[in-house]
Amino acid sequence: MKIKITFVLWLAGCIGFVQAEDMSSALNAGFKSINQVGLDRLEQDPLQAFCSKPREESGDAAVAAELRETAMASVVLPGNGDYLGSWERGQQVANNGKGLQYSDNPEEANGGNCYACHQLDPAEVAYGNLGPSLTNYGARGQSDVMLQYTWTKLWNTHAYNVCSHMPRFGAQGILTEQQLKDVMAFLFDPDSPVNNLAE
Amino acid sequence: MSGSKIISVAACLVAAVMLTGPAYAEEAGIFDEYRAMFGDDNPAIFVIEEGEEFWFASQGPKQATLESCDLGLGPGVVDGAYARLPRYFKDVDRVMDVEARLRFCMQELQGRTPEEVDDHPYSLRGDLGTEMEALVAWLAEKSRDLPIAPGQEHDKEREAYALGEAVFYYRAGPHDFSCATCHGQEGMRIRLQALPDLTTHEGAAVAYSGWPAYRISEGVVRTMGWRMRDCFRQQRFPLLDMGSDVTVALQTYLAVTAAGAPMAAPGLKR
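Residue numbers (our numbering), protein chains in the order written: chain E, 9 to 207; chain G, 411 to 680.
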């Protein structure tokens, strides 16, 4: 395991013609810490390093598999299989784009910013398209498999898609367990506007 | 349309947009209408004039002007200089963008301190605009319609391109974002804001040629350096330093990708 991670770092050490140490010194010299945001934000974990290749070059398949497994193993499922919170609160989380920028108030709860990338409530026209539409997500049913898949996707999306562009809401501490449950309800609850197609 | 009228119409429209709250669709629509209304008029015109005044103003402990500042085409040559940046400067042995070079000239020629020069380079929302913004707007105007042609002959210029490309794809921070997350595919948008694909010539050309720009939503002229800083904020990174190697490298990457397209700045942006 340790050997494999070292290998990943070694592979990531050569980004195009730019050596990792040149990159790291340029970054550290080019930014200042401000408010709650420090220079530690510039450091990469092995997954980020692996997924920083120009033009979607695919990396070593064995390393990718290893990173995917590590991501999967790190997922923390909610206690006593209780996946669903309140869809009303989840709607707020999905709508809120704030959190973790130096311009944000760290005292306030982070948002999930789901609308930046996904269509959800069909009545909301201001949705981005970096990710697929999640409208009518509840139609997939509430089987254990679906609940666990979706929770895992939200906790650490790289468990399924190693270089997914979606943030790791659970693993990176962007959303709390309660917020994740609320977002889950927003996706699955039959009363949620996500699943309410008739206007 | 007189200058003050343009500004007051702008203020009303922005206020109207704010009142409609989260109605993003209306917002996008109203900005398009507003942009169309301007036609060839751009409130940046006043900022351009101000920039020219700053260039010829005696400032700093040396009470000198910027008139002999060498932007790459020789001391005092401003016509066409912006379109050839970023480029390598022998006197400092590094690649510089327009802001890094102006910053250097302010210190060398006028004797101003780095602290003073870096104190407030970009205006806050609703501010009157800064000296840096005005100078950059004027210089960009002096390159209007000229092809974007950053330096790529010197080794350090090619290194800057390679660093810029690597930074563009560098994922880090709590959200794992890189520039490529938001600007690496065609036809993407966040909420309703269209995201140019900056990895293609077409996307980079449209984006690069229009900066510096008058930003309707903020009522000020913004520079490409500010754009880099603000996208890094959205990326959850710390504060990007004006004129740093990182910002110079990113702008080199964008300018080389956009090379050949005509400059059209100061532009008019959302």
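From the three backbone atoms N, C-alpha and C, an ideal C-beta is built for every residue, glycine too.
Residues in its own chain within less than 7 angstroms of residue i by CB, not counting five upstream and five downstream?
i: residue 173 of chain E; result: 138
i: residue 621 of chain G; result: 633, 634, 637, 675 and 677
i: residue 665 of chain G; result: 496, 558, 560 and 618
i: residue 606 of chain G; result: 593, 613, 616 and 617
i: residue 97 of chain E; result: 190
i: residue 577 of chain G; result: 656, 659 and 660
i: residue 113 of chain E; result: none
i: residue 583 of chain G; result: 645, 646 and 647
i: residue 175 of chain E; result: 182
i: residue 102 of chain E; result: 120, 122, 123, 128, 191 and 194
i: residue 668 of chain G; result: 558, 611, 614, 615, 618 and 619
In whole angstroms, what is the alpha-carbon distance linking residue i and residue j?
i: residue 624 of chain G; j: residue 453 of chain G; result: 7 angstroms
i: residue 534 of chain G; j: residue 630 of chain G; result: 9 angstroms
i: residue 119 of chain E; j: residue 603 of chain G; result: 19 angstroms
i: residue 185 of chain E; j: residue 651 of chain G; result: 36 angstroms
i: residue 122 of chain E; j: residue 105 of chain E; result: 8 angstroms
i: residue 140 of chain E; j: residue 128 of chain E; result: 10 angstroms
i: residue 600 of chain G; j: residue 124 of chain E; result: 5 angstroms
i: residue 644 of chain G; j: residue 60 of chain E; result: 18 angstroms
i: residue 647 of chain G; j: residue 48 of chain E; result: 9 angstroms
i: residue 368 of chain G; j: residue 170 of chain E; result: Nothing in the structure corresponds to residue 368 of chain G, since chain G is present only between 411 and 680.
i: residue 30 of chain E; j: residue 180 of chain E; result: 26 angstroms
i: residue 77 of chain E; j: residue 177 of chain E; result: 18 angstroms
i: residue 492 of chain G; j: residue 524 of chain G; result: 22 angstroms
i: residue 202 of chain E; j: residue 162 of chain E; result: 17 angstroms
i: residue 183 of chain E; j: residue 503 of chain G; result: 46 angstroms
i: residue 41 of chain E; j: residue 35 of chain E; result: 12 angstroms
i: residue 567 of chain G; j: residue 57 of chain E; result: 25 angstroms
Strictly by DSSP, which residues pair up with residue i?
i: residue 498 of chain G; result: G/505
i: residue 679 of chain G; result: G/625
i: residue 557 of chain G; result: G/672
i: residue 194 of chain E; result: None; residue 194 of chain E has no bridge partner.
i: residue 605 of chain G; result: G/598
i: residue 474 of chain G; result: G/469
i: residue 102 of chain E; result: Looking at the DSSP assignment, residue 102 of chain E forms no beta bridge with any residue, so it has no partner.
i: residue 577 of chain G; result: Beta-bridge pairing links residue 577 of chain G to no other residue.
i: residue 97 of chain E; result: None, per the DSSP bridge assignment.
i: residue 587 of chain G; result: G/582
i: residue 42 of chain E; result: E/45
i: residue 632 of chain G; result: G/623
i: residue 480 of chain G; result: G/485
i: residue 650 of chain G; result: E/39
Looking only at its own chain, which residues have a Cβ that is under 6 angstroms from the Cβ of residue i, when we skip the five neighbours before and after it?
i: residue 478 of chain G; result: 485 and 486
i: residue 79 of chain E; result: 164, 166 and 167
i: residue 574 of chain G; result: 659, 660, 662 and 663
i: residue 99 of chain E; result: 194
i: residue 550 of chain G; result: 492, 622, 675 and 676
i: residue 498 of chain G; result: 505, 561, 564, 566 and 567
i: residue 466 of chain G; result: 475
i: residue 483 of chain G; result: 491
i: residue 513 of chain G; result: 527 and 653
Give the single residue among the options whose Cα lies nearest to the Cα of residue i.
i: residue 195 of chain E; options: E/183, E/171, E/155 and E/27; result: E/155
i: residue 541 of chain G; options: G/461, G/476, G/574 and G/515; result: G/461
i: residue 143 of chain E; options: E/71, E/131, E/42 and E/68; result: E/131
i: residue 509 of chain G; options: G/569, G/591, G/548 and G/473; result: G/548
i: residue 38 of chain E; options: G/673, G/642, G/672 and G/546; result: G/642
i: residue 628 of chain G; options: G/537, G/528, G/583 and G/464; result: G/537
i: residue 580 of chain G; options: E/53, E/46 and E/43; result: E/53
i: residue 87 of chain E; options: E/26, E/159, E/107 and E/43; result: E/159
i: residue 28 of chain E; options: E/51, E/200, E/152 and E/43; result: E/51
i: residue 472 of chain G; options: G/626, G/520, G/555 and G/585; result: G/520
i: residue 151 of chain E; options: E/204, E/74, E/90 and E/110; result: E/90
i: residue 670 of chain G; options: G/569, G/639 and G/611; result: G/611
i: residue 110 of chain E; options: E/198, E/133, E/147 and E/45; result: E/45
i: residue 456 of chain G; options: G/555, G/546, G/507 and G/572; result: G/546
Residues in its own chain within less than 8 angstroms of residue i by CB, not counting five upstream and five downstream?
i: residue 530 of chain G; result: 540
i: residue 136 of chain E; result: 123, 124, 125 and 126
i: residue 434 of chain G; result: For residue 434 of chain G, the pLDDT reaches just 40, beneath the cut-off of 50, and the residue's location in the model is therefore unreliable, leaving the point undetermined.
Give me the subset of the region 653-672 of chain G whose CB atoms are less than 8 angstroms from a CB atom of chain E, sorted by chain position. 654, 655, 656, 657 and 659
Which of the residues in the region 45-56 of chain E, read from start to end, lie with their CB under 7 angstroms from any CB of chain G? 45, 46, 47, 49, 50, 51, 52 and 56
Give me the subset of the region 572-588 of chain G whose CB atoms are less than 7 angstroms from a CB atom of chain E, sorted by chain position. 572, 573, 575, 576, 579, 580, 581, 582, 583, 584, 585, 586 and 588
Return the residues of the region 626-646 of chain G that lie within a Cβ-Cβ distance of less than 9 angstroms from chain E, sorted by chain order. 642, 643, 644, 645 and 646
Taking Cβ-Cβ distances below 7 angstroms as the criterion, which residues of the region 534-568 of chain G are in contact with chain E? none
Identify each residue in the region 172-202 of chain E for which the Cβ-Cβ distance to at least one residue of chain G is less than 8 angstroms, and report them in chain order. 173, 175, 176, 180, 181 and 182
Could you please tell me which residues of the region 109-133 of chain E, in chain order, have their CB closer than 8 angstroms to any CB of chain G? 109, 110, 111, 123, 124, 125 and 133
What residues in the region 597-611 of chain G have a beta carbon less than 9 angstroms from any beta carbon of chain E? Using a CB distance below 9 angstroms, the part of the region 597-611 of chain G facing chain E consists of 597, 598, 599, 600, 601, 602, 603, 605 and 609, ordered along the chain.
Beta carbons nearer than 9 angstroms to chain E: which residues of the region 508-520 of chain G have them? none
Anything in the region 25-40 of chain E with a Cβ closer than 8 angstroms to a Cβ of chain G? List those residues in chain order, please. Within the region 25-40 of chain E, the residues whose Cβ lies closer than 8 angstroms to some Cβ of chain G are 25, 26, 30, 31, 34, 35, 37, 38, 39 and 40, listed in chain order.
When you check each C-beta in the region 134-149 of chain E against every C-beta of chain G, which residues fall closer than 8 angstroms? Per Cβ criterion, the list reads 134, 135, 136, 137 and 138.
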